[in-house]
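The block underneath contains the structure these notes are about, expressed in structure tokens.
In our numbering, the protein residues as written are 398 to 689.
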């Protein structure tokens, strides 16, 4: 039986003035009887999760990470910790884009830590971040790899509410992905955007498009990168409107980074690249999350 999902132990509680601002989420998964099962779930609002959805083949599950308040406010502190036991396989996503609202003081902070047991697999593919005017947002994703584990980690952002003609009117946006193995760094990627200092619209920056995405692929003991990287490059070339590339990492893995002119292009390119990664890295077919 799962622990109660309606509250946290005292260690996760917040002071009264921070209720609804300090969100915490803790999840644990195990591989049992050929399937991944959720064995622990604890949360405090504004973080929440839906019930896991079993996926076939392979016995994996998909889980939606929720913020039912509709967005992230300046000063919010959100912390998520997810543990996958040996052989567990979880796909983590969000139901829609993360909206970040104006920060009058301290920035909003969102930290996600994912720990992988031996042979575990995580696919972390949230929708993109949309910073509103005056927004300040610091987010980080840390993945701790175990022996034989594999990770697909996506990170995407818009430069504002583009449908309203807003570009670069947020205060600050910092996004960081860190992957380690046995305490040793395998991969570190950091994006820091501060429009008050510099608007990177020119060549080598955003080049006047509205969306930026990164997809990191890491796999302990995987020897097939010479097939994965050309396949990702070929898939990128299928979209004339997409500008991007693929780079190998120093210790086994690769990073895809691309610019997209529209949310639809961003979604389609992410789905296509993720499909290639699933096929070649995990030996699994495409996964359509049907969020449209």
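Note that CB positions come from ideal geometry on N, CA and C, so glycine has one too.
None of these values were measured; they are calculated from a predicted model.
Residue i and residue j closer than 8 Å at C-beta
| i | j | result |
| --- | --- | --- |
| residue 436 | residue 425 | yes |
| residue 585 | residue 625 | no |
| residue 536 | residue 589 | no |
| residue 643 | residue 630 | yes |
| residue 610 | residue 684 | no |
| residue 482 | residue 428 | yes |
| residue 608 | residue 533 | no |
| residue 603 | residue 556 | yes |
| residue 470 | residue 505 | yes |
| residue 613 | residue 570 | no |
| residue 518 | residue 547 | yes |
| residue 657 | residue 639 | yes |
| residue 583 | residue 648 | yes |
| residue 460 | residue 487 | yes |
Span of the alpha helix (DSSP H), counted from its first residue to its last, around residue i
| i | result |
| --- | --- |
| residue 669 | 660-674 |
| residue 717 | Since the displayed the chain opens at 398 and closes at 689, residue 717 lies outside it and no answer follows. |
Residue i - partner residues in DSSP beta bridges
| i | result |
| --- | --- |
| residue 586 | 574 |
| residue 486 | 518 |
| residue 510 | 478, 539 |
| residue 566 | Answer is none; residue 566 lacks a bridge partner. |
For residue i, the first and last residue of its enclosing beta strand (DSSP E)
| i | result |
| --- | --- |
| residue 419 | 419-429 |
| residue 596 | From DSSP, residue 596 is part of no beta strand (DSSP E); its letter is neither H nor E. |
| residue 437 | 432-441 |
| residue 495 | 495-497 |
| residue 552 | 547-555 |
| residue 645 | 640-645 |
| residue 463 | 458-463 |
| residue 650 | 650-657 |
| residue 616 | 608-616 |
| residue 637 | Taken as a continuous stretch (DSSP letters only), residue 637 belongs to no beta strand (DSSP E), as it is neither H nor E. |
| residue 526 | 526-528 |
Residue of the options minimising C-alpha distance to residue i
| i | options | result |
| --- | --- | --- |
| residue 434 | 510, 562, 480 | 480 |
| residue 440 | 455, 430, 464 | 464 |
| residue 549 | 650, 686, 462 | 650 |
| residue 587 | 551, 593, 459 | 551 |
| residue 508 | 419, 645, 633, 591 | 419 |
| residue 633 | 623, 665, 660 | 665 |
Taking one C-beta from the stretch 553-573 and one from the stretch 619-634 each time, how about it: are there three or more such pairs within less than 8 Å? Too few Cβ pairs lie closer than 8 Å, so no.
Contact between the stretch 487-502 and the stretch 519-527 is defined here as three or more beta-carbon pairs at a separation below 8 Å; is this criterion met? The stretch 487-502, when compared against the stretch 519-527, does touch it at the 8 Å Cβ threshold.
Using 8 Å as the cut-off, can you tell me whether the stretch 537-555 makes contact with the stretch 570-581, which would need three or more C-beta pairs spanning the two stretches below that distance? Touching, yes.
Contact the stretch 436-445 vs the stretch 493-504: 3+ CB pairs below 8 Å: Contact fails: fewer than three Cβ-Cβ distances are below 8 Å.
Do the stretch 469-483 and the stretch 659-671 touch if we need at least three Cβ pairs shorter than 8 Å? No: fewer than three Cβ pairs fall under 8 Å.
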